[in-house]
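Chemist: Before I ask anything, here is the structure I am working with.
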Amino acid sequence: MEHANALAQMIVSEKDKLFDERVEALVKLYRRAEFYLKQGFLESIVCEFHRKKVEMIMQAETKGEITEILKLSKPHFDGKKFVYTSPYAVEEEELLLWSLTSLQGPLRDEGYRRYRELFEKCLPEMAEKIPA
Numbered sequence: 187m188e189h190a191n192a193l194a195q196m197i198v199s200e201k202d203k204l205f206d207e208r209v210e211a212l213v214k215l216y217r218r219a220e221f222y223l224k225q226g227f228l229e230s231i232v233c234e235f236h237r238k239k240v241e242m243i244m245q246a247e248t249k250g251e252i253t254e255i256l257k258l259s260k261p262h263f264d265g266k267k268f269v270y271t272s273p274y275a276v277e278e279e280e281l282l283l284w285s286l287t288s289l290q291g292p293l294r295d296e297g298y299r300r301y302r303e304l305f306e307k308c309l310p311e312m313a314e315k316i317p318a
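Numbered per the working numbering, the sequence shown spans residues 187 to 318.
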């Protein structure tokens with residue numbers, strides 16, 4: 187729904203100098219969300235990630251911003267904790283990426299703690315049901 191609203195808003199706005207870039211970005215973002223859904227991730231998490239990124243794309247003022255918004259929400263480990271290097275990262279997508287990573291093999295302790303932290307933040311009702 188958010189996707190359709192964004193496209194409609196762009197069509198109505200005749201003077202959008204970034205029209206082509208926004209359309210291309212929305213298509214790429216939609217494909218990424220579709221990939222996450224096909225992997226079996228919760229629709230609520232995928233939709234929230236998608237909603238936040240669509241909003242950012244619609245508010246972007248430059249092509250460079252749109253390029254940055256489309257980057258994966260991957261944090262950087264500074265030796266003590268994970269920190270975002272981009273203001274466009276969203277926690278829901280990071281949670282999805284940790285989940286995909288965990289399928290490849292066991293996470294290191296720091297990664298597991300971050301994964302758990304995001305799970306508890308993004309899905310508090312589910313987190314309560316899982317023992318610590």
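By construction, the Cβ of each residue, glycine as well, lies at the ideal position given by its N, Cα and C atoms.
Out of S285, Q245, Q290 and L289, point me to the one whose CA is closest to E303's CA.
Modeler: Nearest Cα to E303 within the set S285, Q245, Q290 and L289: S285.
Chemist: From what residue to what residue does the alpha helix (DSSP H) around I231 run?
Modeler: E229 to Q245
Chemist: Kindly provide the ranges of any beta strand (DSSP E) runs that are 3 or more residues long and lie completely inside the stretch 268–317, ordered along the chain.
Modeler: If only complete runs of 3 or more residues are kept, the stretch 268–317 shows no beta strand (DSSP E) anywhere.
Chemist: Three or more beta-carbon pairs under 8 Å between the stretch 251–267 and the stretch 204–215, yes or no?
Modeler: With the cut-off at 8 Å, the stretch 251–267 and the stretch 204–215 touch.
Chemist: Could you tell me whether the stretch 260–270 touches the stretch 222–242, using the rule of 3 or more Cβ pairs below 8 Å?
Modeler: no
Chemist: To which residues of the same chain is Y270 closer than 6 Å at the C-beta, ignoring the five residues directly before and after it?
Modeler: Contacts found: P261.
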